[in-house]
Amino acid sequence: MDLDLLDFDGPLAQRGIGVIAPFDLALERELWRWVPMEVSLHLARTPYEPVPVSMEMARLVSNSTHLAAATRDVLHVEPEVVAYLCTSGSFVNGVDYERSLCKAICAAGAPDAVTTSGALAEVLHQLDLRSVSVITPYDEDLTKSLQAFLAELGVTTVSSDYLGLGGGIWKVSYRTIAERILAADHPDAEAIFVSCTNLPTYDLIEPLERKLGKPVLTANQLTMWACLKRMRLPIVGPGSWLREVS
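Residue 15 is where the sequence shown starts when you use this note's numbering, and the numbers rise one by one after that.
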């Protein structure tokens, strides 16, 4: 078979996002569902910490020295933005610390930086949301730390639920997550935030938004949106609120 090489145009020029993930992240495939074809995700991980999911783990995986090292590990592929993909690690020490993590990533050489909790703050501000319901896979202490972070942002948590898991969060079924989201909803909540980048949520968002009549914000969704916003690219995937802020 004769091939005219002029018929081949490509491959599609790739644009990169560097992703710093906690050592236990198991949802890389979900991340890819949120980005368009021309975007590649380049992952680095924080060092393994032999402790259960807890306040202690959140503080360990958010060590700015580790984030700077992970940033340098992905810079050689020239990402346009580097994301710290961890909800608890980016809220556990409060709003100022979240901002310091972005500064540490940029100081290590990233052209721009995002954290999951910082992305949440951006969306809450853009949608002018002041009251939310929260569902987490964490224990009570870590869930209360999220509520404190939201309070710093001027957002009231009107109801919350938590699964109390110390590990294996990626194994939770859609059915369990959906049931807990529905149970955590409150008439005064303007939106529901589902915390943790290791909790699968992609296919739940549209049916739950139809059922509840309000935005369902999830950790991986928010993080990828914030990255693509900085790249001036549209996010791929479900979420009624995306049309309002895009």
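Glycine is no exception: its CB is placed at the ideal position from the N, C-alpha and C atoms.
Where residue i sits in the DSSP three-state scheme
i              : result
leucine 167    : coil
glycine 178    : coil
threonine 211  : coil
histidine 56   : strand
leucine 231    : strand
arginine 113   : helix
alanine 83     : helix
methionine 238 : helix
tyrosine 216   : helix
glycine 108    : coil
glutamate 92   : coil
proline 66     : coil
arginine 246   : coil
proline 201    : coil
proline 25     : coil
aspartate 153  : coil
valine 49      : coil
Classification of residue i by the beta-carbon crowding that lies within 10 angstroms, buried from 16 upward
i             : result
glutamate 44  : buried
lysine 243    : buried
threonine 190 : exposed
glycine 103   : buried
valine 96     : buried
valine 91     : exposed
threonine 171 : buried
serine 187    : exposed
alanine 124   : buried
threonine 79  : exposed
leucine 112   : This sequence places glutamate at residue 112; leucine is not what is there. Answer is buried; the Cβ neighbour count reaches 16.
Limits of the unbroken alpha helix (DSSP H) element including residue i
i             : result
tyrosine 98   : First-last for tyrosine 98: 95-98, but that is the beta strand (DSSP E), not the alpha helix (DSSP H).
histidine 139 : 130-140
arginine 194  : 188-198
serine 254    : Unbroken run through serine 254: none, as it is neither H nor E.
arginine 43   : 42-46
valine 75     : 69-75
Paired residues, beta bridge with residue i - DSSP
i              : result
serine 173     : Ser147
glycine 123    : None, per the DSSP bridge assignment.
glycine 30     : Ser54
isoleucine 206 : Ser147, Val230
alanine 35     : Arg59
Cβ-Cβ distance between residue i and residue j below 9 Å
i                : j            : result
threonine 211    : alanine 27   : no
serine 209       : serine 173   : no
methionine 238   : leucine 156  : no
glutamate 136    : alanine 203  : no
proline 229      : leucine 143  : yes
glycine 24       : histidine 56 : no
leucine 218      : alanine 197  : no
leucine 222      : proline 151  : no
glycine 180      : tyrosine 216 : no
arginine 8       : leucine 247  : Nothing can be reported for residue 8, as the shown portion of the chain is limited to 15 through 260.
phenylalanine 37 : glutamate 63 : yes
arginine 59      : alanine 84   : yes
leucine 99       : leucine 39   : yes
isoleucine 183   : valine 67    : yes
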